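Peer 1: What follows is a structure written as structure tokens; I'll ask about it next.
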Amino acid sequence: MNVASSRVHCEVQMNVASSRVHSEVQMNVASSRVHREVQMNVASSRVHSELQINVASSRVHREVQVNVASSRVHREVQMNVASSRVHSEVQMNVASSRVHREVQVNVASSRVHREVQVNVASSRVHSELQMNVASSRVHSEVQVNVASSRVHREVQMNVASSRVHSEVQMNVASSRVHREVQMNVASSRVHREVQVNVASSRVHREVQVNVASSRVHSELQMNVASSRVHSEVQVNVASSRVHREVQMNVASSRVHSEKTEGLIGVSELIVATALQGIVFSVLGAQPLLVIGFSGPLLVFEEAFFTFCKDNGIEYLTSRVWIGFWLVLLVLLTVAFEGSILVRFVSRFTQEIFSFLISLIFIYETFAKLIKIFQEHPLKNCYHGNITVSPSLCNFTSAAGDPGKVVGEPNTALLSFVLMVGTYFIAFYLRKFKNSSFFPGTLRRIIGDFGVPIAILIMVLVDYSVEDTYTQKLDVPSGFSVSSPEKRGWLISPMGSDGQFPVWMMAASILPAILVFILIFMESQITALIVSKKERMLVKGTGFHLDLLIIVVVGGVSALFGLPWLSAATVRSVTHTNALTVMSKAVAPGDKPRIQEVKEQRLTGFLVAVLVGLSIVIGEVLRQIPLAVLFGIFLYMGVMSLNGIQLTERLILLFMPPKYHPDQNYVRKVRTLRMHLFTVVELICLSLLWVVMATSAALAFPFMLLLTIPVRMLLLPRIFTRRELQSLDADDAEPHLEEKEGQDEHSQMQMPV
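Below, the structure written as structure tokens:
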């Protein structure tokens, strides 16, 4: 019984102990459950609070974005907010579902564990239960840690994703706001520009209306007075051209008479100018051209006369045969349209040609003055109170020239004063044309008649100095040749004695070719300058017909011992400018425009007739001192240098580059290359001068023609195409309005 009772007592104790253990296990399990639930609640509360914070911050951020953005941005932000809400709710549902599944798993495992603990009754079962409890504790802790780590990672991912999402939304919203701001700024700028354009267009339309009304008013005024203006223009042009032609003819004829020993003088040149001028003004295709004697032809006449004199050939008879060959050459040239060859004559050749002729004019002027100083030298002292009988003035010089006065005191000094005075008066009266004194019409009249005014003043000065001798112009009385004792008006083709050599008849084709080259170049280039499109001519220019008339009439004139003529460049441009009608009443800043050019034949015809009638005023012409004509030659030479680009580039050789003008050949060509081109032109010019100074002067037109292949074949190997386009371009624009420092001489690169 005691044993039984002890056994019962032991079993009771064991049951009590097991119940205690079981209760403790249950308490531990319950506490672990409570702990896990608390941790899960804490974690979920943290996640929930963070999500709420993120949601609140995202809502605040979205509200700020909504306030900043426009209506379009507001709608897009609302859509993004809705999508973010759905996204956050999905994330919360996923997280809660994961936690719910883990809780269910834990509950199921705890129930299984309790059932296992109830079934274990023995100590082995109890120990195993304890081990299971311990393992369950570890397992639950691991599960809790795993769950907490998962929740933590998910929370971090959610936070990071929410931050990234919010940053993306902020960037998107800021970029949208920035674009909207840019669009608003651009639209405001466009709006202001549109307003400015509208205002400017209104002002422009008003200005156009005013300009149109002023132009219409000026055109009406010009149309009302067109007949009177046209008549005044023709009278002024005719009178100024008559004076200019007479001066040029008198000056050139005096030099021509000296070069040919009186065979061709004043009478012949006046008659040739009148006859050929009348024929060309009536039949010519371009009546704006002025026919006259030129420097290149003077150089050839001198060289050919020297050649004939040295070889014992009759000069005037040779000219007759040259005239016949000229007619044949021009007929062949016109038949085969040879005038197109003028396109190969570039600015390079024209500048060398014109610069050479200008130098000849200047050289001849000072050569004549030096000759006067040699014939009338200055003495170291003069005897006072010596009465000179007028009969002593008529004696024969040591050279055997009867009637030529030499050794006169003060003649050289007075001749120098007359020459320099004529040049400066004519030069400054030309510049006075572009000054600000007096009305424009009076200024132009003074400028156009500057040379006659200079001649008149110097003739009066010479007339006032009675006791000093000066050589006067030799003009025959009436309608007679310059040297009646040497020739008549008709020249026999067979010579004065009827024995002109046959070989010379055929050989005359060579000088005829040279004369034809000079006439062709001067006439065709002058026609190109006059007929520029800027002048708005209606009738144009007939190159073939004009060349045919000039050469045929000149060739026939050789039968009468008259000089050959060609189109004079400066006088033709002056004639065209005088007949150009410009708009006067223009808007401020608007340049005068060409209204029209009075294309007519009347002025040319009247000038030719009046030049022919000037032969009857021989008594007046005989009062002009030769020194005054030398001043006219100096004026012609200097003024011819104005329009030559070679002259400008020669000046640039002595100027620093910072003072160079704003020209194409300065801006587009390096300075050394520009100077190299100038040196090449100077070399060609020097070679031509050497040829003219020797016995081969007769071939100088052919040497001039050789400058064309030099330009076409040699220069492209030295200079680039861009450099040649800048240095050798035909950029001489016509000056169609009165402007300071500009006149007709600066419009072309051809000689007077």
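All residue numbers for the sequence shown refer to our numbering, where the first residue is 149 and numbers rise by one.
Just so you know, even glycine gets a beta-carbon here, dropped at the ideal spot from N, CA and C.
Everything numeric in this text was worked out from a predicted model, so none of it was measured.
Below 8 Å CB to CB, which residues in the same chain sit around proline 773 once its five sequence neighbours on both sides are set aside?
Peer 2: Excluding residues within five positions, the ones whose Cβ falls inside 8 Å are Ser563, Leu566, Met606, Val607, Asp610, Thr618, Gln619, Lys620, Leu621.
Peer 1: I want to see whether chain D comes within less than 8 Å of valine 414, judged by CB atoms only; does it?
Peer 2: Going by chain labels, chain D is absent from the structure shown, which holds only one protein chain.
Peer 1: Taking only three categories from DSSP, how would you classify glutamate 744?
Peer 2: The answer is strand: DSSP assigns glutamate 744 an E or B state.
Peer 1: So what does glycine 440 bridge to, in DSSP terms?
Peer 2: For glycine 440, which the question treats as bridged, DSSP gives the partners Ser714.
Peer 1: If you drop the 5 nearest sequence neighbours on each side, which residues of the same chain put their C-beta closer than 8 Å to that of leucine 884?
Peer 2: At leucine 884 the pLDDT is 41, less than 50, meaning the model places this residue with poor confidence; the figure from the coordinates comes in the next sentence. For leucine 884, where only same-chain residues beyond five positions count, the Cβ hits under 8 Å are Glu682, Arg683, Asn725, Thr728, Met730, Pro740, Ile742.
Peer 1: Going by DSSP in three states, proline 773 sits in which element: helix, strand or coil?
Peer 2: Looking at proline 773 - three-state DSSP - the assignment turns out to be strand.
Peer 1: Any idea what DSSP makes of lysine 527, helix, strand or coil?
Peer 2: In the structure shown, lysine 527 sits in coil (DSSP, three-state: anything other than H, G, I, E or B).
Peer 1: Label glutamate 614 either buried or exposed according to how many other C-beta atoms from any shown protein chain fall within 10 Å of its C-beta, with 16 as the threshold for buried.
Peer 2: Exposed.
Peer 1: The beta strand (DSSP E) that contains methionine 730, what's its start and end?
Peer 2: Methionine 730 -> beta strand (DSSP E) spans 728-730.
Peer 1: Assign serine 457 to one of three DSSP states: helix, strand, or coil.
Peer 2: Correcting the residue type first, residue 457 is lysine in the shown sequence and not serine. Lysine 457: helix per DSSP, three-state reduction.
Peer 1: Apart from the five residues on each side of it in sequence, which residues of its chain come closer than 6 Å, Cβ to Cβ, to valine 828?
Peer 2: For valine 828, where only same-chain residues beyond five positions count, there are no Cβ hits under 6 Å.
Peer 1: May I ask you to verify whether the stretch 452-467 touches the stretch 808-819, counting CB pairs closer than 8 Å and requiring at least 3?
Peer 2: Output reads no: the stretch 808-819 does not touch the stretch 452-467.
Peer 1: Give every residue of the same chain whose Cβ lies closer than 7 Å to the Cβ of leucine 710, excluding the five residues on either side of it in the sequence, and list them in chain order.
Peer 2: Excluding positions up to five away in sequence, the list reads Glu416, Val419, Ala420.
Peer 1: In chain order, what residues of the same chain have a beta carbon less than 6 Å from the beta carbon of asparagine 542, not counting five sequence neighbours either side?
Peer 2: Unreliable positioning characterises asparagine 542 in this predicted model, as indicated by a pLDDT of 44, which lies under 50. A coordinate reading is not provided.
Peer 1: Which whole-angstrom value is the C-beta distance of serine 442 and glutamate 670, which I expect to be below 8 Å?
Peer 2: Confirmed, about 6 Å.
Peer 1: Quick one: grab the DSSP three-state call for lysine 516.
Peer 2: Correct three-state label for lysine 516: helix.
Peer 1: What three-state label does DSSP hand lysine 634 in the structure shown?
Peer 2: Lysine 634 falls in the coil class under three-state DSSP.
Peer 1: Between the C-alpha atoms of proline 804 and threonine 819, what's the straight-line distance to the nearest angstrom?
Peer 2: Approximately 10 Å, taken between the alpha carbons.
Peer 1: Within a Cβ cutoff of 7 Å, which residues of the same chain sit near proline 649, ignoring the five residues on either side of it in sequence?
Peer 2: For proline 649, where only same-chain residues beyond five positions count, there are no Cβ hits under 7 Å.
Peer 1: Should serine 487 and phenylalanine 691 be called a contact, given that it needs their Cβ atoms to be closer than 8 Å?
Peer 2: In this structure, phenylalanine 691 lies closer than 8 Å to serine 487 by Cβ.
Peer 1: Measure how close the beta-carbons of leucine 777 and phenylalanine 708 come, nearest whole angstrom, since I'm counting them as under 8 Å.
Peer 2: At roughly 25 Å, the Cβ-Cβ gap does not stay under 8 Å, so leucine 777 and phenylalanine 708 are not in contact.
Peer 1: Near valine 490, which residues of its chain fall below 8 Å by C-beta distance, leaving aside the five closest residues on each side in sequence?
Peer 2: Closer than 8 Å at Cβ, skipping near neighbours: Phe668, Met669, Gln672, Ile673, Leu676, Phe691.
Peer 1: Nearest-angstrom Cα distance between serine 679 and glycine 460?
Peer 2: Answer to the nearest angstrom: the Cα atoms are 45 Å apart.
Peer 1: When you compare only the Cα positions, how much space is there between arginine 591 and leucine 861?
Peer 2: Rounded to the nearest angstrom, the two C-alpha atoms are 48 Å apart.
Peer 1: Buried or exposed: which applies to tyrosine 576, given that a residue is buried once 16 or more other Cβ atoms fall within 10 Å of its Cβ?
Peer 2: Exposed.
Peer 1: Taking all protein chains shown into account, decide if leucine 479 is buried (16 or more other Cβ within 10 angstroms of its Cβ) or exposed.
Peer 2: When all chains shown are included, leucine 479 counts as exposed.
Peer 1: Tell me the DSSP secondary structure of lysine 620 in three-state form.
Peer 2: Residue state, collapsed to three classes: strand.
Peer 1: Can you give me the start and stop residues for the alpha helix (DSSP H) that serine 429 sits inside?
Peer 2: Here the alpha helix (DSSP H) through serine 429 covers 414-431.
Peer 1: Could you tell me whether the Cβ atoms of valine 599 and isoleucine 439 are closer together than 8 Å?
Peer 2: Not in contact: valine 599 and isoleucine 439 (Cβ atoms no closer than 8 Å).
Peer 1: Could you tell me whether the Cβ atoms of leucine 833 and phenylalanine 509 are closer together than 8 Å?
Peer 2: Result no, Cβ atoms of leucine 833 and phenylalanine 509 do not sit closer than 8 Å.
Peer 1: Determine the extent of the alpha helix (DSSP H) in which phenylalanine 850 is found, giving its start and end residues.
Peer 2: It spans 848-853 - the alpha helix (DSSP H) in which phenylalanine 850 sits, taken as one unbroken run.
Peer 1: Just curious, the alpha helix (DSSP H) that lysine 579 is in, first and last residue?
Peer 2: Unbroken alpha helix (DSSP H) run through lysine 579: 559-580.
Peer 1: Can you tell me the Cα-Cα spacing of glutamate 406 and leucine 794, whole angstroms?
Peer 2: Approximately 31 Å between the Cα atoms of the pair.
Peer 1: How many angstroms separate the CA atom of glycine 636 from the CA atom of isoleucine 412?
Peer 2: Going by the C-alpha atoms only, they are around 11 Å apart.
Peer 1: By Cβ distance below 7 Å, which residues in the same chain neighbour histidine 808 in space, the five residues on each side in sequence not counted?
Peer 2: Excluding sequence neighbours, histidine 808 sits near Leu800, Val814.
Peer 1: Could you tell me the boundaries of the alpha helix (DSSP H) in which methionine 652 lies?
Peer 2: It spans 650-655 - the alpha helix (DSSP H) in which methionine 652 sits, taken as one unbroken run.
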